[in-house]
Amino acid sequence: MLTTIILVVVVLLLARSLLSDVNLNPFGEKAKEDDTVIEGKFTPITLEKYNGKDHPKIFMAVKGKVFDVSQGASFYGPGGPYANFAGRDASRGLAKNSFELDCLTPIDQKIDTLQDLLAVEKESLDSWEEHFDTKYPVVGTLHENDAI
Ligand code: HEM
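Numbering (this note's numbering), first residue to last: 30 to 177.
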């Protein structure tokens, strides 16, 4: 009797885990993709709205790559510790380990070339980039305001 109950429970658990892997909505995969806004090319001005306030998505640029960091809304969303990076090129701040506002280039100016960074700051920035590469999807690239 006990064996039968255990067997039934095991079968039910197996069935549940199998079913949860099956996508019951034929458009499920597409819906997931659509969840991420793929704009491809951004400028500092077009990127700015993706700050979790003006748009529900949160994007952040690092070394010319635009990441969708919406999953990290607790970091970058309104009121989060790194909210100032939302919708912005965060490269200099990440390189210098600083969220001071003077690390952010005004959005109507040329993109920061980062050329004056020290070797150690460049290394720090590269490791942040690796961190974001493994954690967040890339949704595009950052271009000068007058380039698009
Ligand atoms: C007061 C000192 C700081 C403390 C206590 C602190 C604490 C933390 C903690 C606990 C995490 C989460 C780690 C994880 O769960 O993966 C984190 C992530 C992070 N911190 Fe800080 N932090 C500090 C300063 C800074 C500064 C100065 C910057 C400026 C660049 C910074 C940028 C970040 C970023 C970008 C993340 C990654 C969020 C992500 O994975 O999307 N932190 N910090």
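All residues carry an ideal CB built from backbone N, CA and C; glycine is no exception.
Since we're looking at a predicted model, the values are computed, not measured.
In DSSP terms, what residue i is bridged to
i: D118; result: A90
i: K82; result: BP columns for K82 are empty, so no partner.
i: D97; result: F88
Residue i, DSSP secondary structure in three states
i: T170; result: strand
i: K70; result: strand
i: D131; result: helix
i: K139; result: coil
i: Y105; result: helix
i: K125; result: coil
i: A176; result: coil
i: D145; result: coil
i: E152; result: helix
i: E77; result: coil
Close Cβ partners of residue i (< 6 angstroms) along its chain, the five nearest in sequence each way excluded
i: T72; result: H172, N174, I177
i: G116; result: L76, E77, Y79, N80
i: A124; result: L146, E150, S153, L154
Neighbourhood of residue i by C-beta, 7 angstroms cutoff - its chain only, sequence neighbours within 5 removed
i: P107; result: G81, K82
i: G93; result: T170, L171
i: D141; result: D118, S120, R121, T134
i: Y111; result: F104, Y105, F128
i: V95; result: F71, L76, F88, V167, V168, G169, T170, L171
i: H84; result: K78
i: G69; result: G169
i: D97; result: T65, K86, F88, Y165, P166, V168
Neighbour-count burial assignment, residue i, 16 or more Cβ in a 10 Å radius
i: G122; result: buried
i: D131; result: exposed
8 angstroms Cβ shell around residue i - same chain, five flanking residues per side excluded
i: V91; result: D118, A119, S120, L123, L154, W157, E158, F161
i: A148; result: none
i: Q144; result: none
i: I74; result: I136, D137, N174
**Message:** Assess contact between the region 96-105 and the region 129-144, defined as three or more Cβ pairs (one per stretch) separated by less than 8 angstroms. Is contact present?
**Reply:** no
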